[in-house]
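First to last, the sequence lines map onto chains C and U.
So this note's numbering is basically just the index in the first sequence, starting at one, shifted up by 14.
So this note's numbering is basically just the index in the second sequence, starting at one, shifted up by 67.
Idealized CB from N, CA, C, for every residue including glycine.
Report on the structure given below.
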Amino acid sequence: MIKQPSLLSRSNIVYTVIVGVLIVLPFVLDSRTMTILLTQFCIFAILAMSYDILLGYTGIISFGHAMFFGIGAYTTAIMLSDFGPTVGIFAASIVVGIVLSAIISVISGALTLRLKSHFYAMFTLAISGLFLVLAEKWRTVTKGNDGFTFRAPELFRERLYFYFLVLICLVIVFILLKRIVASPFGKVLIAIRENEQRTRSLGYKTLGYKIIASVIAGVVASLAGSLYVISLRFVNTSVLTMDITLDALMMTIIGGVGTLIGPIIGAGVIEFAQHYLSGLARDYPIFERWIIFFGILYILAVIFFPRGIVGTISSSYNGWKLKKGQKKTVKLIEKEEIQQ
Amino acid sequence: MEVLIGLVINGLATGMLIFLLAAGLTLIFGLMDVLNFAHGGLFVWGAYTGVFTYLWSNSFLVGIIVAILTGLVLGFVTEKLIITPVYGNHVQQILITLGFMLVLQEMIKVVFGPNGVPVTVPKYLSGSWQIGDLTIIKYRIFIIAVGFALFGLLYFILNRTKIGLVVRAGVMNREMTQALGINIKRVFLIVFMCGAALASLGGMLMAPYTTVVYAEMGMEYAILGFIVVVIGGMGSFQGSLMAAILVGLAGSFMAYYVPSLSVAVNMILMAIVLIFRPQGLFKVAKG
Chain C
15 MIKQPSLLSR
25 SNIVYTVIVG
35 VLIVLPFVLD
45 SRTMTILLTQ
55 FCIFAILAMS
65 YDILLGYTGI
75 ISFGHAMFFG
85 IGAYTTAIML
95 SDFGPTVGIF
105 AASIVVGIVL
115 SAIISVISGA
125 LTLRLKSHFY
135 AMFTLAISGL
145 FLVLAEKWRT
155 VTKGNDGFTF
165 RAPELFRERL
175 YFYFLVLICL
185 VIVFILLKRI
195 VASPFGKVLI
205 AIRENEQRTR
215 SLGYKTLGYK
225 IIASVIAGVV
235 ASLAGSLYVI
245 SLRFVNTSVL
255 TMDITLDALM
265 MTIIGGVGTL
275 IGPIIGAGVI
285 EFAQHYLSGL
295 ARDYPIFERW
305 IIFFGILYIL
315 AVIFFPRGIV
325 GTISSSYNGW
335 KLKKGQKKTV
345 KLIEKEEIQQ
Chain U
68 MEVLIGLVIN
78 GLATGMLIFL
88 LAAGLTLIFG
98 LMDVLNFAHG
108 GLFVWGAYTG
118 VFTYLWSNSF
128 LVGIIVAILT
138 GLVLGFVTEK
148 LIITPVYGNH
158 VQQILITLGF
168 MLVLQEMIKV
178 VFGPNGVPVT
188 VPKYLSGSWQ
198 IGDLTIIKYR
208 IFIIAVGFAL
218 FGLLYFILNR
228 TKIGLVVRAG
238 VMNREMTQAL
248 GINIKRVFLI
258 VFMCGAALAS
268 LGGMLMAPYT
278 TVVYAEMGME
288 YAILGFIVVV
298 IGGMGSFQGS
308 LMAAILVGLA
318 GSFMAYYVPS
328 LSVAVNMILM
338 AIVLIFRPQG
348 LFKVAKG
């Protein structure tokens, strides 16, 4: 019999506690920088989760995730500055960004996902490079590398309101993605990750599943981009650079691939560590290049902890529980033997 | 006509530099199925160490030698430290080499400073020849000559020597080569080091061509290298030369005739190849 997960399962309680802490935190800390930092954390958590759908659940490596982030970012920024800063325009721009991202991910997926994983990695790297150059050259729309500022909708100028909007988005995206990966569709994705040939021989058209996975990831990344520019009220080509992809990649790897909660934790670790390390840079110039530390940490994680923080903890926890269970069984058997 | 010849020379020179990057990539991939995303990092390290020695010693040749040595050493370190631990796992290989690329690029900024370094062409290679209306820049001819010479050398090594035979056999069928008693891992190490040295040399030669070196150039040219490897066929050495020249020529012609398309032309080429011939223009016979 399949055990139905109860609404009050242990993990659900943990999630609720985390969300509760995130709601209370800005009031406790009560500082502008902290609210901004928390907002950034939530946005990058959304981005990292979208990356996890590709890397952790489907086993596809994309090096062009910044492209979708940037599409969302530019769509929102351009629409808000052209049509005026209202919440309605903002919502519309999110939809437009999502549609654009979906179209582009379908095209790039259809071109390369039927080939080996290398091709998708290379193709996405190249096409996101193309988008970066396009944004730099197409100055009439994007204002190039200098970027442009714009007015955010009245409601979100209050940092706290915007933080709650982002937090709500984070929770909704988390629940939606959790539902998706737990669905039969998600199971097929995991099967593709484990053994694509076998999945295909079982009668699943894996290409379609992979394309849909890349569309989901692209759409969510675009949402993250739209939210990101509102928090900055400024956009330039940095939203399309490799750094964004690398951030998402590091958050996912360090937090734990294929767990969804892992990327959120990874986002927290990296965002806060980044904040404090760049604070240290005033005294120790080496910390200006904090990305080196993350790079090394990331390499070590890939070699020694390929399952990241969450994966490593949960597997050792399960091992511990298994051991405990075995001990219990042994005890029970001993008891029975004594009784006999 | 003058314009045409000028564009061809431009395209060939760029193509040769990309070829130096792509030759290592394609052989490394063919031999061990490793896609080395850190290749651009080796390229930029060659450029920086070479240029700094060149500026310090005032000798271009010493700069080139230092760049090649840097490539060999970094290639050895990369293979031992980064590739070997995750051998056989594609996803991890791709992830880890990209991480190493990031570290290499940031280390450049730590060691040599975050700003670009201007480079000039050495005296005996600077200037140009004037033939009628046609201006030929000497340094470009030099790059083309070096590129073809290196291609000839590599072609000779691959086709006429024992080690070349082993490498070609390894690309065709790794297991079979191993079964015949050849330590393919050692061959791979040698190929990796040579590939890294080629990339470093490419970086060093690129520096006076673009007149400035900067940390991000590694990634930019690595993308071109990947495009070339895809177009030429992964693992194909001759293919990478043809594709590099194709990409170089397409870039220089587009930049002249349709400048707005020049950024996208490589992508379009790659997309066309991926749609109609995903195995690349020159397929490697895999047994």
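Closer than 9 angstroms at the beta carbon, the chain C residues around U:L341
One-based indexing of the second sequence puts residue 341 of chain U at position 274. Neighbours of U:L341 in chain C, taken as residues whose beta carbon is under 9 angstroms from its own, are L125, T126, L129, F133, F137 in chain order.
Length of the line joining the Cα atoms of C:L39 and C:G282
For the purposes of this step, residue 39 of chain C is taken as the residue at position 25 of the first sequence. For the purposes of this step, residue 282 of chain C is taken as the residue at position 268 of the first sequence. So the two alpha carbons sit approximately 13 angstroms from each other.
In angstroms, rounded to a whole number, what distance separates the CA positions of U:L87 and U:G214?
Counting from one through the second sequence, the residue named residue 87 of chain U turns up at place 20. Counting from one through the second sequence, the residue named residue 214 of chain U turns up at place 147. One C-alpha to the other measures close to 7 angstroms.
So, under 8 angstroms CB-CB, C:F176 and C:T53 are touching, yes? Tell me the CB distance rounded to an integer number of Å.
In the first sequence, residue 176 of chain C corresponds to position 162, counting from 1. In the first sequence, residue 53 of chain C corresponds to position 39, counting from 1. That pair is a contact at about 6 angstroms.
With distances taken Cα to Cα, identify the nearest neighbour of U:S303 among U:A105, U:E69, U:G97, U:L74.
Counting from one through the second sequence, the residue named residue 303 of chain U turns up at place 236. Considering only alpha carbons, the answer is U:G97.
Report yes or no: is there a C-beta of chain C within less than 7 angstroms of the C-beta of U:I150?
Along the second sequence, read from residue 1 onward, the residue named residue 150 of chain U stands at position 83. For U:I150, not one C-beta of chain C is nearer than 7 angstroms to its own C-beta.
Can you list, in chain order, the residues of its chain whose CB lies under 7 angstroms from that of U:M301, leaving out five sequence neighbours each side?
In the second sequence, residue 301 of chain U corresponds to position 234, counting from 1. Taken in chain order, the residues that qualify are T93, F96, G97, G347.
Sheet register partners of U:I203 (DSSP bridge):
For this step, residue 203 of chain U is matched to residue 136 along the second sequence. Partner(s): U:W196.
For C:I279, does the count of other Cβ atoms within 10 angstroms reach 16, so buried, or fall short, so exposed?
As a working note, residue 279 of chain C is residue 265 in the first sequence. The residue is buried, with at least 16 neighbouring Cβ atoms inside 10 Å.
Using a C-beta to C-beta distance shorter than 8 angstroms, which residues of chain C count as neighbours of U:E173?
As a position in the second sequence, residue 173 of chain U is number 106, starting the count at 1. Taking a Cβ-Cβ cut-off of 8 angstroms, the neighbours of U:E173 in chain C comprise R303, I305, I306, G309, given in sequence order.
Compare the C-alpha of C:F199 against each of C:D160, C:L146, C:L129, C:I67 and name the closest.
Within the first sequence, numbered from 1, the residue matching residue 199 of chain C stands at position 185. Closest option to C:F199, judged by alpha-carbon separation, among C:D160, C:L146, C:L129, C:I67: C:I67.
Taking 7 angstroms as the CB-CB limit, is U:H157 close to chain C?
For this step, residue 157 of chain U is matched to residue 90 along the second sequence. Under the Cβ distance rule, U:H157 counts among the residues neighbouring chain C, one pair being separated by less than 7 angstroms.
Report the rounded CA-to-CA distance for C:M15 versus C:S23, giving the unit in angstroms.
Mapped onto the first sequence, residue 15 of chain C falls at position 1. Mapped onto the first sequence, residue 23 of chain C falls at position 9. Unreliable placement is indicated for C:M15, whose pLDDT of 47 sits below 50; the coordinate value is still reported in the next sentence. The alpha-carbon atoms of C:M15 and C:S23 are separated by roughly 18 angstroms.
Here's the rule: buried if 16 or more other CB atoms are within 10 angstroms of the residue's CB, otherwise exposed. What is C:V234?
The residue given as residue 234 of chain C occupies position 220 in the first sequence. Burial is judged here by how many other beta carbons sit within 10 angstroms of a residue's own beta carbon; C:V234 has at least 16 and is buried.
According to DSSP, simplified to helix, strand and coil, what is U:F104?
Position 37 of the second sequence, counting from 1, holds the residue named residue 104 of chain U. It is coil, neither helix nor strand.
Local conformation of U:V340 per DSSP, three classes:
By 1-based counting over the second sequence, the position of residue 340 of chain U is 273. Helix, per DSSP.
What does the Cβ neighbour count give for U:P326, buried or exposed, with the cut at 16 atoms within 10 Å?
For the purposes of this step, residue 326 of chain U is taken as the residue at position 259 of the second sequence. When all chains shown are included, U:P326 counts as exposed.
Does DSSP put C:F162 in a helix, in a strand, or in coil?
Indexing the first sequence from 1 puts residue 162 of chain C at position 148. Three-state result, C:F162: strand.
For U:V140 and U:S267, I'd like the C-alpha separation in whole angstroms.
As a working mapping, residue 140 of chain U is identified with position 73 in the second sequence. As a working mapping, residue 267 of chain U is identified with position 200 in the second sequence. Their backbone Cα atoms lie some 11 angstroms apart in a straight line.
C:V249 (DSSP reduced to helix, strand or coil)
Indexing the first sequence from 1 puts residue 249 of chain C at position 235. Looking at C:V249 - three-state DSSP - the assignment turns out to be strand.
Would you call the CB atoms of U:G270 and U:A89 closer than 7 angstroms?
Here the question's residue 270 of chain U lines up with position 203 in the second sequence. Here the question's residue 89 of chain U lines up with position 22 in the second sequence. No, these two residues do not count as a Cβ contact at 7 angstroms.
Can you tell which of C:I37, C:S76, C:R153 has the C-alpha that lies nearest to the C-alpha of C:T126?
As a working note, residue 126 of chain C is residue 112 in the first sequence. Nearest of C:I37, C:S76, C:R153 to C:T126, Cα basis: C:S76.
Residues in the stretch 141–152 of chain C with C-beta within 8 angstroms of chain U's C-beta atoms, listed in sequence order?
Within the stretch 141–152 of chain C, the residues whose Cβ lies closer than 8 angstroms to some Cβ of chain U are I141, G143, L144, V147, L148, K151, listed in chain order.
For a cutoff of 7 angstroms on Cβ pairs, would you count U:V177 as touching chain C?
Counting from 1 along the second sequence, the entry for residue 177 of chain U is found at position 110. So, interface residue.
Could you have a look at C:V283 and say whether DSSP puts it in helix, strand or coil?
As a first step, residue 283 of chain C is located in the first sequence; it is residue number 269 there, counting from the start. It is helical.
Under 7 angstroms, do C:L260 and C:L146 count as touching if we go by C-beta distance?
The residue you call residue 260 of chain C lines up with position 246 of the first sequence. The residue you call residue 146 of chain C lines up with position 132 of the first sequence. Using a Cβ distance threshold of 7 angstroms, C:L260 and C:L146 do not count as a contacting pair.
Label C:Y298 either buried or exposed according to how many other C-beta atoms from any shown protein chain fall within 10 Å of its C-beta, with 16 as the threshold for buried.
As a position in the first sequence, residue 298 of chain C is number 284, starting the count at 1. It counts as exposed.
With a CB to CB cut of under 6 angstroms and the five nearest residues on each side skipped, what residues in its chain are close to U:L265?
On the second sequence, position 198 is the one that residue 265 of chain U refers to. Counting only Cβ-Cβ distances below 6 angstroms, and skipping sequence neighbours, we find L87, A90, G91.
Below 8 angstroms on the Cβ atoms is my contact criterion, and I expect C:S240 with C:A87 to pass it. Report the Cβ-Cβ distance as a whole number of Å.
Start at 1 with the first residue of the first sequence, and residue 240 of chain C comes out as number 226. Start at 1 with the first residue of the first sequence, and residue 87 of chain C comes out as number 73. About 7 angstroms separates the two Cβ atoms, so the contact holds.
Does DSSP classify U:V330 as helix, strand or coil?
Mapped onto the second sequence, residue 330 of chain U falls at position 263. U:V330 sits in coil when the DSSP states are folded into three classes, being neither helix nor strand.
Three-state secondary structure assigned by DSSP to U:V279:
One-based indexing of the second sequence puts residue 279 of chain U at position 212. The answer is strand: DSSP assigns U:V279 an E or B state.
What is the DSSP secondary structure of U:V184, reduced to helix, strand or coil?
As a first step, residue 184 of chain U is located in the second sequence; it is residue number 117 there, counting from the start. Here U:V184 sits in strand by DSSP.
C:G73 touches chain U at which residues, Cβ-Cβ below 8 angstroms?
If you number the first sequence from 1, residue 73 of chain C lands on position 59. The answer, in chain order, is V158.
Going by C-alpha to C-alpha distance, which of C:G111, C:V195, C:A140 sits closest to C:T89?
Taking the first sequence and counting its residues from 1, the one referred to as residue 89 of chain C is at position 75. Considering only alpha carbons, the answer is C:G111.
Span of the alpha helix (DSSP H) around C:Y175
Within the first sequence, residue 175 of chain C is the residue found at index 161, counting from 1. Under the DSSP assignment, C:Y175 falls in the alpha helix (DSSP H) whose first and last residues are 173–196.
State the DSSP-derived secondary structure class of C:T255, mapped to helix, strand or coil.
As a working mapping, residue 255 of chain C is identified with position 241 in the first sequence. Three-state result, C:T255: coil.
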